[in-house]
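A.B. asks: Residue 33 in numbering that gives the first Met the number 0 sits at position 34 of the sequence shown, and the numbers go up by one each step.
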Amino acid sequence: MQIYHAGQNNIDLNINNQIRSVSIRPSDTLLYVLREHCGLTGAKPGCENGDCGACTVLIDGWPIKSCLMLALEAVGHKITTVEGLENAPIQKAFVEKWGFQCGYCTSGFLMVCHALATIHPNADDLVMEEWLQSNICRCTGYEEIKEAVQAVLANQV
Numbered sequence: 000m001q002i003y004h005a006g007q008n009n010i011d012l013n014i015n016n017q018i019r020s021v022s023i024r025p026s027d028t029l030l031y032v033l034r035e036h037c038g039l040t041g042a043k044p045g046c047e048n049g050d051c052g053a054c055t056v057l058i059d060g061w062p063i064k065s066c067l068m069l070a071l072e073a074v075g076h077k078i079t080t081v082e083g084l085e086n087a088p089i090q091k092a093f094v095e096k097w098g099f100q101c102g103y104c105t106s107g108f109l110m111v112c113h114a115l116a117t118i119h120p121n122a123d124d125l126v127m128e129e130w131l132q133s134n135i136c137r138c139t140g141y142e143e144i145k146e147a148v149q150a151v152l153a154n155q156v
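1) If I follow the unbroken alpha helix (DSSP H) through Trp97, where does it start and stop?
2) Nearest to Cys66 by CA position, among Glu146, Thr117, Leu57 and Pro44, is which residue?
3) Less than 7 Å separating the beta-carbons of Val156 and Pro62?
4) Under 7 Å, do Val151 and Ala92 count as touching if we go by C-beta distance?
5) I believe Cys54 touches Gly107 by the beta-carbon criterion, under 8 Å. Please report the beta-carbon distance rounded to the nearest angstrom.
6) Shortest alpha-carbon distance to Ile144 belongs to which of Leu131, Asn154 and Ala153?
7) Candidates Lys64, Glu35 and Val81: which alpha carbon is nearest Asn16's?
8) Could you please give the first and the last residue of the uninterrupted alpha helix (DSSP H) stretch that includes Lys43?
9) Where does Val32 sit, in a helix, a strand or coil, going by DSSP?
10) Going by DSSP, name the residue or residues bridged to Asn15.
11) Tell me the rounded alpha-carbon separation between Gly98 and Gly6.
12) From Ile10 to Ala70, what distance separates their C-alpha atoms?
13) To the nearest angstrom, how far is the alpha carbon of Lys64 from that of Asp123?
14) CB of Gly49 to nearest heavy atom of the ligand ZN: below 6 Å?
15) Where Met68 and Asn8 are concerned, what is the direct C-alpha to C-alpha distance, given to the nearest angstrom?
16) Expressed to the nearest angstrom, what Euclidean distance is found between the alpha-carbon atoms of Ile23 and Pro120?
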């Protein structure tokens, strides 16, 4: 068992299939470390209390709000950020269906929608709406986002 000290701690994180060694404080959130230590700014600091979902990343394939997770908790897990999606179908669908406006929430929605399509490829509208409730968009009526997910689920992208 590794013991972490109140000062700086060196940890290795598997981010987008690359091991990144970073020096952190035990209180650093994963969102902070991704943005400030790794230069991965796709996850956005929105509310920073887990409500908006703009900071969503995937941990072992599951969507997690990185503002609520300590970087130490991510050690030993596979972290995927929007930068690591590598042209996933959901990205193309968001463009084709106009699933974004200002773009601030887009990376979080892309992560949730990508996970949904991967974990529940036969999801119906009810499952899709349940998953989309984890993120907030202040610009759209969510219809374009739903259309993008439906297109991916129907393999139309």
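Don't be surprised by glycine CBs; every beta carbon is placed ideally from N, CA and C.
C.D. replies: From the atom records:
1) On the sequence shown, residue 97 is found 98 positions in, with the first residue counted as 1. No alpha helix (DSSP H) contains Trp97, which DSSP labels as neither H nor E.
2) For the purposes of this step, residue 66 is taken as the residue at position 67 of the sequence shown. Ranking Glu146, Thr117, Leu57 and Pro44 by Cα distance to Cys66 puts Pro44 first.
3) Working through the sequence shown from its first residue, we reach residue 156 at position 157. Working through the sequence shown from its first residue, we reach residue 62 at position 63. Against a cut-off of 7 Å, the Cβ pair of Pro62 and Val156 comes out as no contact.
4) Residue mapping note: residue 151 aligns to position 152 of the sequence shown, counting from 1. Residue mapping note: residue 92 aligns to position 93 of the sequence shown, counting from 1. It is a contact, given that the beta carbons lie within the stated cut-off.
5) For the purposes of this step, residue 54 is taken as the residue at position 55 of the sequence shown. For the purposes of this step, residue 107 is taken as the residue at position 108 of the sequence shown. With a beta-carbon spacing of about 6 Å, Cys54 and Gly107 fall inside the 8 Å limit used to define contacts.
6) Against the sequence shown, residue 144 aligns to sequence position 145. Nearest option by C-alpha distance: Leu131.
7) Locating residue 16 in the sequence shown gives position 17, counting from the first residue. The shortest Cα separation from Asn16 among Lys64, Glu35 and Val81 belongs to Val81.
8) Along the sequence shown, read from residue 1 onward, the residue named residue 43 stands at position 44. Where Lys43 is concerned, there is no enclosing alpha helix (DSSP H), given that its DSSP letter is neither H nor E.
9) Along the sequence shown, one-based indexing puts residue 32 at 33. In this structure, Val32 counts as helix in the three-state DSSP scheme.
10) For this step, residue 15 is matched to residue 16 along the sequence shown. BP columns for Asn15 are empty, so no partner.
11) To locate residue 98, count along the sequence shown from 1; it is residue 99. To locate residue 6, count along the sequence shown from 1; it is residue 7. Rounded to the nearest whole angstrom, the C-alpha separation of Gly98 and Gly6 is 43 Å.
12) Taking the first residue of the sequence shown as 1, we reach residue 10 at position 11. Taking the first residue of the sequence shown as 1, we reach residue 70 at position 71. Distance between the alpha carbons of Ile10 and Ala70: 9 Å.
13) For the purposes of this step, residue 64 is identified with residue 65 of the sequence shown, where counting begins at 1. For the purposes of this step, residue 123 is identified with residue 124 of the sequence shown, where counting begins at 1. Their backbone Cα atoms lie some 24 Å apart in a straight line.
14) Of ligands this structure carries none, so the ligand ZN is not represented either.
15) Counting from 1 along the sequence shown, the entry for residue 68 is found at position 69. Counting from 1 along the sequence shown, the entry for residue 8 is found at position 9. Met68 and Asn8: Cα-Cα distance of roughly 16 Å.
16) Working through the sequence shown from its first residue, we reach residue 23 at position 24. Working through the sequence shown from its first residue, we reach residue 120 at position 121. Each residue's alpha carbon lies about 37 Å from the other.
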